[in-house]
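Engineer: Encoded as structure tokens, here's the structure I'll be asking about.
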Amino acid sequence: MRIAVGVDLESTGLDYQKDGHRIIEIALCARDLDTGKTVKDLALRFNPRREISAKAYDVHGIKLSDLVAEPLFADKCAMIASILNNAAVIVAHNGLGFDKPFLEYEMGLSGVSLKQDLVWLDTMLHGLWATQDGKRPSLRELAFSLGFEYDEEKAHGALYDTQLMMDCFFAAREKYNLFKLPDEE
């Protein structure tokens, strides 16, 4: 079975290199690439051992006090890498601009790495068809273009965002033959 793994991160802020921001939540949603059926969904939170920026909090609503009893990212890093390294494709919304580099950086801090030949599909970069003006779509716009509701109350929770993104990924593949992988073109 070929597995597609959707991934989404929430963090203490945007700049991990300059400001030392850390991952505080990750969702991994594994689906059978051929059928779209759920294999496993996983959401993990981490203690960042640093403050969460006000801007980041305004987006995801996660407080440091919510994370004090959670493990460090380093404690789960090898397991996360194993899941991603065994995927036929990793799907992320703004994945190439945010999730992939942030994840690789944070994994590097723990001495863990992702395989270099992993296939990443970015639903933001590859979803320009979802907006009338061809701009990079938000997840809300992508979902709307494919007939899915976007729940503002659940939005920006890593698991909700990843499940919705994977629904969009498979709907676009099935209905419109979009989001093709390199070996499918």
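In this text, residue positions in the sequence shown follow our numbering: the first is 201, and each later residue adds one. C-beta: ideal position from N, C-alpha, C; glycine also. It should be emphasised that the depicted structure is a prediction, and the values quoted were computed from it without experimental measurement.
(1) Distance check for R250 and G295, CA to CA, integer angstroms please.
(2) CB-CB under 6 Å to G236, same chain, minus the five flanking residues each way: which ones, in chain order?
(3) Entirely within the region 297-342 and at least 4 residues each: give me those alpha helix (DSSP H) ranges in chain order.
(4) Counting only the same chain and skipping the five closest in sequence on each side, list residues whose C-beta sits under 6 Å from that of A330.
(5) For E184, list the residues DSSP reports as bridge partners.
(6) Apart from the five residues just before and just after D219, which ones in its own chain have a Cβ nearer than 7 Å to its Cβ?
(7) State the beta-bridge partners of K237 as determined by DSSP.
Structural biologist: So, from the listed chains and residues:
(1) 24 Å
(2) F370
(3) 300-309
(4) P337, E341, L342 and S345
(5) Coverage of the chain is limited to positions 201 through 385, which leaves residue 184 absent and any answer about it impossible.
(6) G213
(7) Answer by DSSP bridge pairing: none, since K237 is not bridged.
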